[in-house]
Structures are given as structure tokens and as C-alpha cells.
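Taken in sequence, the protein lines are chains D and F.
When you number the first sequence by my numbering, it's gap-free, plus one each residue, and the end is 178.
When you number the second sequence by my numbering, it's gap-free, plus one each residue, and the end is 946.
No residue lacks a Cβ here, since even glycine has one placed at the ideal position from N, Cα and C.
Bear in mind that the values here come from a model prediction, so they are computed numbers and not experimental data.
Everything on this sheet refers to the single structure shown next.
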Amino acid sequence: MRTLIFATAIRLLTPLFLLFSVYILFRGHHHPGGGFIGGLICSLAFVFHALAHGSEHTESTYFRLSVCQYKANGKPSQLYYVWSWMQLAIRKNHRNGNHKRFHVIRLRPIYLMAFGLLLAAGSGMVGLILGKPFMTAWWLPLELPVLGSLGTPLLFDTGVFMLVLGMVLKMVFTMKKE
Amino acid sequence: MLFAILIGVLFAFIAPLVYRLLGRYVAILMALLPLALFSYFISLYPRVVQGEVIIANYTWVEALAINLQFRLDGLSLIFVLLITLFGFLIMIYASAYLQGDPLLGRFYLYLTLFMTAMLGIVTADNIFCLFLFWELTSVSSYLLIGFNNTNKQARVSAWQALLVTGGGGLALFAGLILLSIASGAHTFTGLLAQKNILADHASFLPAFVLIMVGCFTKSAQFPFHFWLPNAMAAPTPVSAYLHSATMVKAGIYLLARLAPILSGPDVWFYTLAGVGSITAILGAVVAVQHTDIKAILAYTTIGALGLLVMMLGINSTLAIKGMLVFLVAHALYKGTLFLVAGAIDHCMGTRNISQLRCLGEHMIPLGIAATLAALSMAGILPFLGFIAKEMLYEATFTTPWLLGIATLSGLVFVAIALLLSYRLFWKKSSKPTPPRHALSIGLYLPPLVLGIAGLTAGLMVSSVPSKLINGAMQQIVASHSNTYKLALWHGFTPVFWLSIGTVILGVSLYRFLPFIRIRSVGMQHMYKYGPDALYHRAFERLLHGAKTFIAKLQNGYLRSYIIYIILFFCGLLLIVMWRDPSDISFSQPAASLNETQLYEFVLVALVIAALIYLLGTRSRLTSIVVMGLVGYSAALLYVLFGAPDVAATQLLIETLTVVIFVLLLHKLPAFTYLSHQFQKYKFIAIAIFFGAVMTYVMLLVQARAVDSDLKKFYGAASYEQAHGRNIVNVILVDFRGLDTLGEISVLAVAAIGIYALLRLNSEKGGKP
């Protein structure tokens, strides 16, 4: 499926997709939309990207924060020692020519799922902390122009969003790798 | 008191940590806990013996009456003191017995947890609280029996003990709940107040039977006795603590606690006296056939438990009093003998009597401890065992068959006592067995202390023990007439002569023991039909049956799973419709057909055409695209009927499905018809059947539209209370947020499952 037009179009469209999915997430409270649909749209963006460019590329573009380190006169830089000392999940990836690349943060889909679940359950805890039953909604008193009012149900919806996203990505990436 | 009972949980879980820090000195800390508890409960002794009841409450789940309610009265106090005293000695003994074991910390965890559970049982007032601790003892007993987890025998025995006592615990729980439903009370105090209602209630007998099952499994009564000898696979400190002194007495405790409530009718006497006497005979008869010290002790313990249950069944003041004295005496001497057996095993490397000779030469303190315990067991004059035996004879004197059983047990006890003291330690032999290593102080001090305790309790019987037992009597027997005073000497009564006769006959039985053992070989094939063999056969059958059933049901074909689900679902629907038949008129749905718009017809026609085409196609790609077409049409239908949320979800899911299919397409094998033509028709028939049932159900639902206020409520409350105008979403994230939380948790678990499946397949080298 690697056609030039599709690949270029997807590259340009993916950020749009992502923005739209977030918009759908926030819109859900008053109009059709919500966390589940938003999460599906967001994951579709990445799935299409993976379809056009390969999942490896998608992962390295959107889910990794990489740091390049150039060899100056043949010795690793000071920063490298600092990182290796801090044990920040440094993985050697590329070793071509005169620079090395390290992944500082790697956002695996399963982390997204875990974080989504944590967010959803945590939003329920707010009510518990305030001395009310579990999952009692709590709203901020202010109203934002585009996003609307903010409250724990929105947090919950964000949790659903991330979980759906993580789940679809996990499945698709695993299938792609085989 | 709440703190004193529950502190053990904390100690239990820090034990492994402390072991890591302090090594084997963890024993000091863990032994201090029971010692402190023992002193605490001793300090309550003056108050309790005066009839005061000490109560501790903690409200837990108020609405279901599940609370931590504890009460310490005279009956509890005896048990509490036994548990903590034994706990202290066993903790010390275990450090010597398991010296150098890397899992010592874990052992202390289990042991302390068990001790706490036991304290909870004997002080619990709330029935739920009792059940909680009851099952906790089963679980910790499982962990302790299986402590040598590399030994298969230990694991199997642990399983058996857990299944038998845990299952009995469930029966007990059901019985207690029946009682509490019948009376409306959730505590033993409350049940006691309602006992007149209970005695005539319809659920009295079922509750009685269930409670009996619970108590009998725990206290190893026939026919549930078989787990106890097998539980001897546990390390000896565990056998001494759990399987002679405390846990097996939990059933006795509960029977004594419930005696005032349940003991009215005759069924109490016949059940308890019957089962108790069978168990007593069985214990006595089997005990003389064994040569393994622990097996002998296990069977005499079963016999003694049988006697205790039998005396509870008689339920006269004298019998109950004798039961309590015998219980204490038995705990003291049997615990000692178990500890002695463990020390012998540790030093000699064997527990087989025929290989042990003249041990007194090397281990005098242990010999003294064993002799003290054996004298108490045989019922020789200044020991507590003597008083217990006198009272046992006295209580059964009027009923000849019970007296016969008591005498038989007495005979066997005398013979076993001689075997375990005189024969093992003092009988002269030309070849004394050499010990593998010298006896350490931790191995002989605890049994010696217990043995001396048995002697002192006998000598001072009219002071402290007498008060303790009278305190317990007040809880069991309502009108407590203090006719029989506890004393060592009652004069030359007929019972005394019987006691002397038992000792003399017991000595001659001891002479015949080797002969009995030889003759008993012929009885071995009887065990093939015993409860133990039955249990194992039933267990294997169950496993086998489960395996066959699973192999049939879960054959690995997705299509069979779908067929099972659909047929089961349709079956349920049909049963409901058959039980509650209702005729619907098709005139109204038919009339509404006329109002159908043209584009709706077009959509339906499109779907039907796509489905027919799908059946004939032989290309996978085509079928995926056509399936997508069906899905998109359905989404369009949702849009037309005004459900944009559902439509959007459907649309996205369809897209995802198609994309995922495309991803996997080139990895799938070529499209072939593997199944027989007949299979295809079968599937078509099932599909049509399912469709027909669902259509019928939909029509039924339409015909009986439920007028509900829900719609109105959500419409109104959605914006006012939940700040949202999209009702569907507000329901999802706010009103029914807990449901959604559950659903997304399931989603996450499913994703992990799918991932595991895919990875597993690729690791095995199979197709993804």
C-alpha cells in the first residue's frame, strides 16, 4: 500500500485527524461525540499512518522522544554520561556514521491503556475524596470558550479516549509486526 | 481487645521482612507477640471468671450486619489462653526445628496469621466475622501443610485439607445464615436470645445439618477424618499447633458455643454421640496398627476428638465439664507428644518406632517431657488426664455403650502412652539408637514446659483451672448446678476402680501391640473403600470429567463458539417465551410498513443484495469489502433514525475492521471451503433461526412498549445536574459512569488477551 500520494496525503492529514479527535472528545458533552468516538478517530489516524508508512515509522514519529548525540572528536559527550547515570531508559537504536540516537521516552500503547484506566478510575476518586459516593461529578465553576465547562466527567471521557486509543494501537502494531 | 486480636495480622506480614533483617532472630520477635497476648488475656482473667463479658466492636458493613464484633467470655478465655500459650512455645520450637530453612520468615507469616485467625474464631460474636476467621484458618492451614512444597505428598495433603475444611466452612456458613434468617439475629448473643423461635422453625434441621458438617470437617470427625492423618505431612510444629491443640478444636469450640441454641431436640444427642463414638472407635482401632509416631498421634487425636464430640452430645452438666477438662488435658499432653515426636524426627532422622530404641540414654529432658505427657494421657493419678478420665467415666456411667467406648479409648490411650514413653525412651536395649546430632534447647524446652503444665494443672486443679472451667460452663449450660467439684481425689468410687482396671488392661494391651500390628496387615485392603480412597477417586473423576467437557466445548474453532453462544441464547429466549406466551398482532407492524420511505427500502435492499452476494463469493477481499458495505448501510440506517452517536461509532468501527482485515489479509491462507456442504446448510439454518428469533423478540418489544419515566428524567436531569446536552454521552460518563468503567476495564483485559494470543502464536512459530 505504499503509494506516494496516499503516503503524502496521510502525512499531512494525520495532525488534522488528531486535532479533530480531540475536538470530538470535548464536543461530546453537548453534541454527538465523546471519548469513545474520539479515541477511535485518533487511533484511525495512527492506523492509516502505519498503513502508509509502516508501524515502525509511526512509532518513531509519534511515540518516541529521541535524542541524537553527535560524536565530537570520537568521545561521547558529557550529556551521554549524565543520561546513562540517570538510567533514563536509554536504548541504542541507530549507529550510522557519526551520531547515536537514544530513546529517552517511549510511549508504548499499553502505557496509554494503563494511563487511561487510571485516569478514568482516578476521576471517580475525586468524588470519594470530597466525601461523596464514588464517581460523583465535580465541575469547575468556570466556562471556557471552545471547550466548554471542565469537570471530572470530562476527565473520565479522556480516560476512555486514551484506553480505546491504546487498545487499537496495541492490536494493530502487534499484527503489523508479524 | 480489638487491637490485641488483630495485631497478629500486622506481625504476620512483617515477619518475612524482619527475617531478612535479623535472620533467625526473627523467632524472638514472633514469640514475644503470643507471650504479650497471653499476659494480656491473663490480666483479663479475674474479670472474666466473675462472669463479666468483654466486648469489642468495629462497624464494618453496617447494612449487611457484617461487623467485627468480638466478645470474650469464659469459654473463649480457655481457648484464647491455650492458643497464645501454645503459640509462644511453638514459635520458639519452630526456630530450632526449622533452623537454617531459607523460608523461615514465610513460615512465621503463616503461623502468626493462623494464630490470629484462631483468636478471631474463638472470640467472634458476629457470624460473618466467625466465618471469615474460620476460612482464614483453613487457608493458613493449607499453606502450612504444604510448606515443604517440593514434596508432592505435602501438596496433595494440603489440597485435601483445604477442600475438606474449606468446603465444610461453606456448609457452616450456609447453616449460620439459615439460623440468622430464621431469627433475624447476626450474633451468637442474639441467636441465644431467640433460641425458642429457632427450635420450632422449619429451617432448624437444615441449618443443624449444615453446621454439623462444618464442625465435623474441621474437627476431623468420621467420615471427614481422613484429612487429619494426611496433614501430618506438615512440619511437626504445625502438626502440634494446628492438628492437635487448636485448629481441630475449633469445631469443638463452635459446637460448645452453639450447644445452648441447638441442643434441645434429640437429634443433637444422636448425631453427636453417634458420630463421636464412631470416630472414637475408629481412632482407637487404627492408632494401634501404626508404627509411625506421628500417624499414631494423629489417630489418637481423632479418637480424642471423637470423645469430645460424644461428651458434647450427652450434654449433661457433668459431661460438659468433663469435656472441657479433657480438652485442656488433651491439648497439653498431645501437644507435648507431638513436639517430642518432632524432636526425635529431627535428631534421629526417622519416626518409625521399630527403628528407635532406648532414646533416654542421649536425650533425658525429652524423655522426661514424653513421660509426663504419657502419664497424663494414660490417666495416672496426679495429672490432669486422670481427672478428665474420671469425669468421662462418670458422665457415661449410666449409658453402657458410651461407657464401653470410653473404656476402649482409655485402654488404647494407656497402651499408646506406654509405647511412646517406656518403649521409646526407657526400655533397656543392647543397641541404643545413636542420634544424628545433639538435642538443642529449643527442641526440648517447649515440650518440657507443656508436660510440667499438665502436671501442675492436675495438682492445682481446684484453684485456677477450676475457676476457668466454671467460667466456661456458665456459657454452655444455662442453669449451672455446681454439683461435681473438680478435685484430684474423690474416694474409692466405682469409677476409680474402673480407672485402675483400665490402666492394668492397658498394660496388657501394650504387650499385645506387636502382635496386633502383624495381624492388622490383613486389614490394609479395607482402606481401598475408605473415605480417603473415595475422596481421591472422586477428585480424579472430577478432573477427568472437566477435561473431557472442556475438550468438547472449547475445540478451538471460532465457529463452534459462536454456534454455542447463539443456540444457548436462543434457547434461553425460547424458554422465557414458552413460560410466558403472548400473542402479538402483526397488523400494526404491517401497517407501519406503508409509512416506510423509499430510501429505507433502498438501504434494506442493498444490505440483502450484499449478503446474498457475500454467500457466493470466493475471494476474501471481496467479502471484506461487502461486509463493510453492510456495516456502512447499518450506520446510515442509524443516522436516518436519529442516533448520530451510534452511527458515528458504527462507522468508525467498520472502518477499523476493514483496515485491520486488510492488514492481515496477505498473511491468511488461500480461501478454501474446508467444511462439508452439509455444514454450510447447517450454518445457514442456524443463522436463519437466530434471525427469526431476534425479529420475533423485536416485534414483541415493540408491541409492549413500556411507558417509562426514564426518558423524561434523563432529558431533564442531563443539563441541569450533569451540565451536558448530549444525553447519550452524559449517561455514559456520568449517570452510568461505573458501568462504563467496568466496560473499559474489560476492554483493556481483552486487548492484553489478544496481544498475548498473537505473541504466543508467533513464538510457537504458528500462524498469527
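Kindly identify the DSSP beta-bridge partner or partners of residue i.
i	result
residue 249(F)	233(F)
residue 65(D)	105(D)
residue 244(F)	239(F)
residue 302(F)	248(F)
residue 470(F)	530(F)
residue 365(F)	304(F)
For the beta strand (DSSP E) containing residue i, list its first residue and its last residue.
i	result
residue 604(F)	From DSSP, residue 604(F) is part of no beta strand (DSSP E); its letter is neither H nor E.
residue 149(D)	148 to 151
residue 141(D)	139 to 144
Taking its Cβ as the centre, do 16 or more other Cβ atoms sit within 10 Å of residue i, making it buried, or is it exposed?
i	result
residue 191(F)	exposed
residue 856(F)	exposed
residue 405(F)	buried
residue 692(F)	exposed
residue 27(D)	buried
residue 697(F)	exposed
residue 786(F)	exposed
residue 435(F)	buried
residue 738(F)	exposed
residue 378(F)	exposed
residue 912(F)	buried
residue 125(D)	exposed
residue 647(F)	buried
Looking only at its own chain, which residues have a Cβ that is under 6 Å from the Cβ of residue i, when we skip the five neighbours before and after it?
i	result
residue 257(F)	300 and 431
residue 233(F)	249
residue 186(F)	290, 293 and 294
residue 527(F)	614
residue 136(D)	127
residue 557(F)	563, 564 and 567
Residues in its own chain within less than 7 Å of residue i by CB, not counting five upstream and five downstream?
i	result
residue 6(D)	52
residue 529(F)	470, 471, 472, 519, 522 and 523
residue 762(F)	877, 878 and 881
residue 143(F)	A query on residue 143(F) cannot be resolved here, the shown segment of chain F reaching from 179 to 946 and no further.
residue 561(F)	553, 554, 632, 633 and 636
residue 607(F)	535 and 536
residue 474(F)	465, 468 and 594
residue 165(D)	39, 42, 43 and 112
Find the residues of chain F that neighbour residue i, judging by a C-beta separation of less than 7 Å, and give them in chain order.
i	result
residue 28(D)	904 and 907
residue 149(D)	901
residue 41(D)	830
For the alpha helix (DSSP H) holding residue i, just list the boundary residues, first then last.
i	result
residue 204(F)	204 to 227
residue 393(F)	382 to 396
residue 878(F)	855 to 881
residue 192(F)	180 to 200
residue 797(F)	Premise fails: residue 797(F) is in no alpha helix (DSSP H) and is neither H nor E.
residue 375(F)	373 to 377
residue 495(F)	495 to 526
residue 682(F)	672 to 697
residue 42(D)	35 to 53
residue 951(F)	Nothing about residue 951(F) can be reported from this structure: the residues present for chain F run from 179 to 946 only.
residue 444(F)	444 to 465
residue 912(F)	Run containing residue 912(F): none; DSSP gives neither H nor E here.
residue 748(F)	736 to 757
Run down chain D in chain order and give the residues with a C-beta less than 8 Å from the C-beta of residue i.
i	result
residue 822(F)	32
residue 453(F)	What residue 453(F) touches in chain D: nothing, since even the nearest Cβ is about 49 Å away.
residue 188(F)	By Cβ distance, chain D contributes nothing, its closest Cβ being about 25 Å from residue 188(F), past 8 Å.
residue 797(F)	Those do not exist, as residue 797(F) stays about 18 Å from chain D at its closest Cβ, beyond 8 Å.
With a CB to CB cut of under 8 Å and the five nearest residues on each side skipped, what residues in its chain are close to residue i?
i	result
residue 743(F)	none
residue 309(F)	347, 350, 351 and 354
residue 823(F)	904, 906 and 907
Strictly below 8 Å CB to CB, what residues from chain F border residue i?
i	result
residue 126(D)	By Cβ distance, chain F contributes nothing, its closest Cβ being about 12 Å from residue 126(D), past 8 Å.
Could you work out which residues of chain F lie near residue i, taking near to mean beta carbons separated by less than 9 Å?
i	result
residue 172(D)	834, 837, 838 and 841
Under 7 Å between beta-carbons, which chain D residues line up against residue i? List them in chain order, please.
i	result
residue 947(F)	Given that chain F is displayed from residue 179 to residue 946, the structure contains no residue 947(F) and the question cannot be resolved.
Residues from the region 910 to 923 of chain F in contact with chain B, defined by Cβ distance under 8 Å: Judged by its chain identifiers, the structure shown contains no chain B, and its protein chains are D and F.
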